[in-house]
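Structure first, then comments.
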Amino acid sequence: MKQALLYFTFSAFLLLFANVRAQEVSIPDQEDYQIEKIYPNPAKEYVFVDIFSKKYALVQFELIDILGNTVKKWEKMELTPGIQKIRLELQRFNAGFYLLKADNDGQVIIKRIRKL
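For the sequence shown, this note's numbering begins at 2 and goes up steadily by one.
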């Protein structure tokens, strides 16, 4: 039974990431912002997100578990033109794989992170 549950969970995880792969495809010239780097990854207590924006905007970050549940939604953060470093706390979350979703008025970027 445990093996079947583990297999099902892992299969759901792979399916979720397969769907994310399709969403990550976009045309760079049309993006108003992009995530340059997420580090450290894997992370224990926090991650830094280096994000580049072409203009002033609001971005909202969301942490999603392997089952597709939103486990944390941070308040919207203001972006200014250029590169910024944003720190997101991860201390209270269980170890595992997560998706970090950034949404800027419908422009969505999804990246994978691992919490130790």
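Virtual Cβ for every residue (Gly too), placed ideally from N, Cα, C.
Within the same chain, and ignoring the five residues on either side of Tyr47 in sequence, the residues whose Cβ sits closer than 7 angstroms to its Cβ are Arg88, Leu89, Glu90, Leu91. Going by DSSP, Arg93 is part of no beta strand (DSSP E) at all; its letter is neither H nor E. Secondary structure of Lys55 (DSSP, three-state): coil.
Secondary structure of Thr81 (DSSP, three-state): coil.
With contacts defined by Cβ atoms closer than 8 angstroms, Val72 and Phe94 form a contacting pair. Contact annotation, Arg113 with Pro43: C-beta distance approximately 10 angstroms; criterion of less than 8 angstroms not satisfied. Here Tyr34 is buried. Its C-beta has 16 or more other C-beta atoms within 10 Å. The residue among Glu63, Tyr57, Leu68 with its C-alpha nearest the C-alpha of Gln85 is Tyr57.
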